[in-house]
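Trainee: Going by this note's numbering, the letters in the sequence shown line up with residues 0 to 553, in that order.
Glycine residues also receive a C-beta, built at the ideal position from the N, C-alpha and C atoms.
One structure, as structure tokens, below. Some questions next.
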Amino acid sequence: TVKNVGVTPYFCEPKFDGASMNLLYEEGKLVRAITRGDGVIGEEVTDNVRTIRSVPLSIDYKGQIEIRGEVVIRKDDFDIINKERKAEGENTFANPRNAAAGSLRQLDSSITAKRRLVFYPWGLGENSLTQTNLSEKMDYVYQLGFLEPPFTKACTTIEEIEEFYHFLIENRDEIPMMMDGMVVKVDDTVKQEQLGYTVKVPKWMCAYKFPALEKVTKVNAITIQVGRTGVLTPVAEVEPVDLEGAMIARATLHNYDEIERKGLKVGDSVILIRSGDVIPKITKVLADRRTGDEVEIIRPTACPTCGSEVLDEGTLIKCQNMDCPSRVVNSIIHFAKKGSMNIDGLGSRIVEILVNEGKIKDILDLYTLKFEDIEGMEGFKEKRINKLLEAINDSKGTTLAKLLSAMGIEHIGAVAGKSIALEFGLGVVDVTEEQLEAIDGIGVEMAASFVEFMRVNYDFVLKLFDIVEPTVEEKVEAEENPFKDKTVVLTGTMSVGRGVVKEMIENLGAKVSGSVSKKTDFLIYGDDAGSKYDKAVKLGVETLTEEAMRELCS
């Protein structure tokens, strides 16, 4: 509900589904661009943002001003980008938000420049503007050279706000950008100050989400995906339906227990929903529409890719054949992706082609690929082949922590990989479960999974070490400080990229976690802190502003 502050104008605008961005200008020049991040890391992406045409590199304003807004991709441009990626054998983006976020984090700014990104401002951070209404301040921002978002409206009553909300819902298909709601703001800046702020958000602003989009469709078949760990995941192939400009032809079913719980059959009419960037899913089976021709869905007893007998553990059904082509393909995709080995250009389609044509059969084969192995393959020209081979070679010398994470060991992610690498170095191949469990944050299941992986893949890992020659970071004992040996969680927008703050805290001997629990010692928060702050307060975790954290460090 909107808090009563008397008769006051409201400023209403669409809530675009993109990547949040803070732009800092000093003496009329763009000096820093920082993403809000994904709840784990916010990044400085200034070089990439400079390539966005709708972001002025200089403005006619000599003070310091922070422009907050959303980086989006128009629906038509999103379709073009996905067609281009498909033609090049790259993974297509699931939605415009992922495309925008991924484009901003590109290592190569020239790729960002080609992605047709658009920046729409929606608010201000640090500024010394004298206008008394937010809408007037934003009008001034537009005059500085920023794009004005479409479909903004001044309202004075709740009825007008509701009317505009329903207008946006009814016209959402006609609006060129993806929207997931509407934002209402008190326009009068004096009344904004009267209402004040919570730690998380201003009290003078609220968002109204749009209802999830849903359509009735029919399940034509069930296909099975085999992941890198061998887990079989059923996917519903449905009659294609249009949901907010995206043609949806598949929906996740998670596992076979879910199919049995829903009572789903092939041929059933179902309700399909898609909300924001959530993967489309089936929420209800319309059993009253059955004709009698529907077909029961049987739990698989063999892997659909290699034919090996599967292990049925109830919720999870697994292929145990390490040489299964699907497992090989997905393990290489995981190995090459950004955040793992960062082998640019080695997308899923390219990996599938290389495996299916017998050019590679495992991760090790990537490093023996030659120009002539790829020459003549569909979609591969000289420049692209050389670029791929260069990216593979450049992945050598990465940190041991990243290499461990890239191996795809079940239950071992980036944080656990770093802890293990720092503790044991290249001796990780011979560690015991007891040694691993002695590390803070490594549980029984994680330790067992790691040791079993090294036992089964011992020779493979040693060969990989010889080829990649990973750098081993030394474990440096931090001096005594308030954060040493503590578990810390970060949330909200920081004055610098959250990755910078994360590294600072880790260098003080703290472990940075992505989630709040009873074991969390500190939560450090910036602007627009999210639900992690609420949970920390509820659990009695000590909370610190970024400024307070820096004071403790000094």
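By the three-class DSSP mapping on this structure, what secondary structure does Asp172 have?
Mentor: In this structure, Asp172 counts as coil in the three-state DSSP scheme.
Trainee: Residues in the same chain with beta-carbon distance under 7 Å from Met548, minus the five sequence neighbours each way, listed in chain order, please.
Mentor: Excluding sequence neighbours, Met548 sits near Ile523.
Trainee: Using the rule of at least 16 other Cβ atoms within 10 Å of the residue's Cβ for burial, across every protein chain shown, is Asn157 buried or exposed?
Mentor: One detail in the question is off: residue 157 reads as Ile in this sequence, not Asn. Classification for Ile157: exposed.
Trainee: Drop a sphere of 10 angstroms on the beta-carbon of Lys417, count the other beta-carbons inside from all chains shown, and report buried for 16 or more, exposed for fewer.
Mentor: The residue in question, Lys417, is buried, as its Cβ has 16 or more Cβ neighbours within 10 Å.
Trainee: Give the straight-line distance between the Cα atoms of Val39 and Asp16, rounded to the nearest whole angstrom.
Mentor: Interpretation of Val39 is limited by its pLDDT of 37, a score under 50 that renders its predicted location unreliable; the figure taken from the coordinates is listed afterwards. For Val39 and Asp16, the distance between alpha carbons rounds to 19 Å.
Trainee: Would you call the region 59-71 in contact with the region 15-32, where contact means no fewer than 3 C-beta pairs closer than 8 Å?
Mentor: Short answer: they touch.
Trainee: DSSP three-state label for Lys483, please.
Mentor: Note: Lys483 maps to coil in three-state DSSP.
Trainee: Unbroken beta strand (DSSP E) runs of length 3 or more, entirely within the region 286-324: which are they?
Mentor: List check, beta strand (DSSP E) in window: 309-311 and 316-318.
Trainee: Given Ile504, which residues of its chain have a CB within under 7 Å of its CB, disregarding the five upstream and five downstream residues?
Mentor: So the qualifying residues of the chain are Phe482, Val487 and Val511.
Trainee: Quick one: grab the DSSP three-state call for Ala535.
Mentor: In the structure shown, Ala535 sits in a helix (DSSP, three-state: H, G or I).
Trainee: Could you give the distance in angstroms between the alpha-carbon of Lys190 and the alpha-carbon of Ile66?
Mentor: If I take the Cα positions, the gap works out to 21 Å.
Trainee: Cα separation between Glu472 and Glu546?
Mentor: Looking at the two C-alpha atoms, the distance is approximately 29 Å.
Trainee: Given a threshold of 16 other Cβ atoms within 10 Å of its Cβ, counted over all protein chains shown, does Val1 qualify as buried or as exposed?
Mentor: Caution is warranted here: a pLDDT of 47 is assigned to Val1, below 50, making its placement in the model unreliable, and the coordinate value is therefore given only provisionally. Answer is exposed; the Cβ neighbour count stays below 16.
Trainee: Tell me, please, whether the region 206-220 touches the region 169-188 by the rule of three or more beta-carbon pairs shorter than 8 Å.
Mentor: They touch, by the three-pair rule.
Trainee: For Asn81, name the three-state secondary structure that DSSP assigns.
Mentor: In this structure, Asn81 counts as helix in the three-state DSSP scheme.
Trainee: Just how far apart, CA to CA, sit Glu87 and Thr45?
Mentor: C-alpha separation (whole angstroms): 28 Å.
Trainee: Using the Cα positions of Thr155 and Met178, report the straight-line distance between them to the nearest angstrom.
Mentor: For Thr155 and Met178, the distance between alpha carbons rounds to 23 Å.
Trainee: Between the C-alpha atoms of Asp276 and Pro95, what's the straight-line distance to the nearest angstrom?
Mentor: Only weak support exists for where Asp276 lies, its pLDDT of 49 falling under 50; the value from the coordinates is given anyway. Each residue's alpha carbon lies about 9 Å from the other.
Trainee: From this set, Thr50, Val70 and Ser330, which residue's C-alpha is nearest Lys14's C-alpha?
Mentor: Lys14 has its Cα closest to that of Val70, out of Thr50, Val70 and Ser330.
Trainee: May I ask you to report which of helix, strand or coil DSSP gives Ile373?
Mentor: Helix, per DSSP.
Trainee: Quick check for students: name the residue ranges of the alpha helix (DSSP H) that lie wholly in the region 184-272, counting only runs of 4 or more.
Mentor: Fully enclosed alpha helix (DSSP H) runs of 4 or longer: 188-194 and 255-261.
Trainee: May I ask you to list the residues that DSSP assigns as paired with Phe459?
Mentor: Answer is none; Phe459 lacks a bridge partner.
Trainee: Between Phe459 and Leu363, how many whole angstroms is the CB-CB distance? I'm expecting something under 8 Å.
Mentor: Right, their Cβ atoms sit about 7 Å apart.
Trainee: Answer with buried or exposed for Cys302, where buried requires no fewer than 16 other C-beta atoms within 10 angstroms of its C-beta.
Mentor: Buried is the call here.
Trainee: Buried or exposed, going by whether 16 or more other CB atoms sit within 10 Å of the CB of Gly412?
Mentor: Classification for Gly412: exposed.
Trainee: With a cut-off of 8 Å, do at least 3 Cβ pairs link the region 363-372 to the region 433-443?
Mentor: Judged by Cβ distances under 8 Å, the region 363-372 makes no contact with the region 433-443, as fewer than three pairs qualify.
Trainee: For Phe118 and Lys337, I'd like the C-alpha separation in whole angstroms.
Mentor: About 24 Å.
Trainee: From the DSSP output, which residues share a beta bridge with Ser554?
Mentor: An answer regarding residue 554 cannot be provided, because it is not within the stretch 0 to 553 covered by the chain.
Trainee: For Thr111 versus Gly496, is the C-beta distance shorter than 9 Å?
Mentor: Not closer than 9 Å, so no.
Trainee: Entirely within the region 355-402 and at least 4 residues each: give me those alpha helix (DSSP H) ranges in chain order.
Mentor: Qualifying alpha helix (DSSP H) stretches, in chain order: 362-365, 370-373 and 381-393.
Trainee: Quick check: Thr216 and Leu133, are their CB atoms within less than 9 Å of each other?
Mentor: No, they are not a contact pair.
Trainee: Relative to the alpha-carbon of Lys264, which residue among Ser53, Leu252 and Phe145 has its alpha-carbon at the smallest distance?
Mentor: When only C-alpha atoms are compared, the closest one is Leu252.
Trainee: Within this structure, are the beta carbons of Thr282 and Glu377 separated by less than 9 Å?
Mentor: No, the Cβ-Cβ distance between Thr282 and Glu377 is not below 9 Å.
Trainee: Met406 by DSSP, collapsed to three states: which one?
Mentor: Coil.
Trainee: Sorted by chain position, which residues of the same chain lie with C-beta nearer than 7 Å to Ile314's C-beta, five sequence neighbours on each side aside?
Mentor: The question names Ile, but residue 314 is Thr in the sequence shown. Answer for Thr314: Asn254 and Asp256, listed in chain order.
Trainee: Could you tell me whether the region 292-310 touches the region 340-354, where touching means 3 or more Cβ pairs closer than 8 Å?
Mentor: With a cut-off of 8 Å, the region 340-354 and the region 292-310 do not count as touching, because too few Cβ pairs lie within range.
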